[in-house]
Each structure stands twice: as structure tokens, then as C-alpha cells.
Amino acid sequence: KFNEMPMAERVKLIMKDPAELIDYVRKESHVVWKAVEAFIRRENNEGRDALIEGVAVLLELMSQLEDIPHRVVFIGNQGENHKENIKKSAEENEHDWMRGVSDQYIGAFAMFVKRMSAYIEQEAKKYGFEYIEMDKELFGDVTEEVMKSLGLSAR
């Protein structure tokens, strides 16, 4: 639904009520989670490890996987420079989905990410998961910290 909206409507929704958008993301995640959980369980049953990233991996849902061994880390960005980091990343990567969108949209999206990150940080404390704040780093630069958190070595 959100991705089908005209850009101006997306900006309006983000600016008007970020809490409503967070609620929408949570609802969408619960729907997508059914497939994600089935995938996790199948991979576990077949003895394979899986790395999963995305909005459907909510803390409240991961906490329900007590019967499956797993390692989890959540990443967020509540920094003041987030808008500039998004713009820089979009300029440097021709495949970045934010490339070519308006400055207003980038600003609105950065604000949403900051609020969603605050929600994730709060939930991480509630459910006992690690939260990594990447406010001083670009997304691609946080890989090593995530690998270390998960007990993996960078290759």
C-alpha cells in the first residue's frame, strides 16, 4: 500500500503521523513473518544456517522463536546526520533506491527511520536483544560490528 502511494502522499503520511506508519510497518511485518518463520524453521530442520534481514524481523516475533537456536542484532540510526548520510549513500550508489528522490522525501524518510529506530531500541531492551546505533557510520560500514555481535568473523 505505502509503496503504491504517490511520492507526495508518502511524504505527507510520514510527516503527519510517524507513529501511524510504524504501526503500519508492524502490521505488514506480522503478515510477512508467516513466510519468514516458515523459512527459518525449514532451514533449521534441514541443518542450515540462514541470515535474514528486513522489516519482517520484529523483536516481538523473534522472541517467539525460543525453540530454535538463533543470534539476533538490530541496527538503527537516530543520528542528527541521518538525512545527509542517506543522500551521500544515494549519490555514491547508482542502485540505491533513494537515488533521485526529492530532498523533502529523504528528510521525511530520515525522520521516520529515526523514530522507528527509537522504537526498535526500546523493544530490544524489552526483549533482551542487542541494538547497534549506527548514527556515526554509513550503513555499509557497520558490517564488522554486526559480525562481531553475532559471533562471526569477517571474511
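Going by this note's numbering, the sequence shown wraps up at 234, each residue one higher than the last.
Yeah, the Cβ is synthetic: ideal placement off N, Cα and C, and Gly gets one too.
Linking F188 to E202 through their CA atoms gives a straight-line distance of about 21 Å.
Contact between the segment 133-143 and the segment 167-177 is not established, with fewer than three Cβ pairs separated by less than 8 Å. The criterion of a C-beta distance shorter than 9 Å is satisfied by E107 and V134. By the neighbour-count criterion, in which 16 or more other beta carbons inside 10 Å mark a residue as buried, N164 falls on the buried side.
Between L138 and the set R120, S232, S196 and E223, the nearest pair of CA atoms involves S196. The beta-carbon distance between M190 and I101, rounded to whole angstroms, is 12 Å. This is too long to meet the 8 Å contact definition. Annotation for R150: L229 and G230 place their beta carbon closer than 7 Å to its own, counting only its chain and skipping 5 residues before and after. Between the beta-carbon of Q157 and that of K193 there is about 5 Å, and that keeps the pair under the 8 Å contact cut.
Per DSSP, the beta-bridge partners of V152 are E209.
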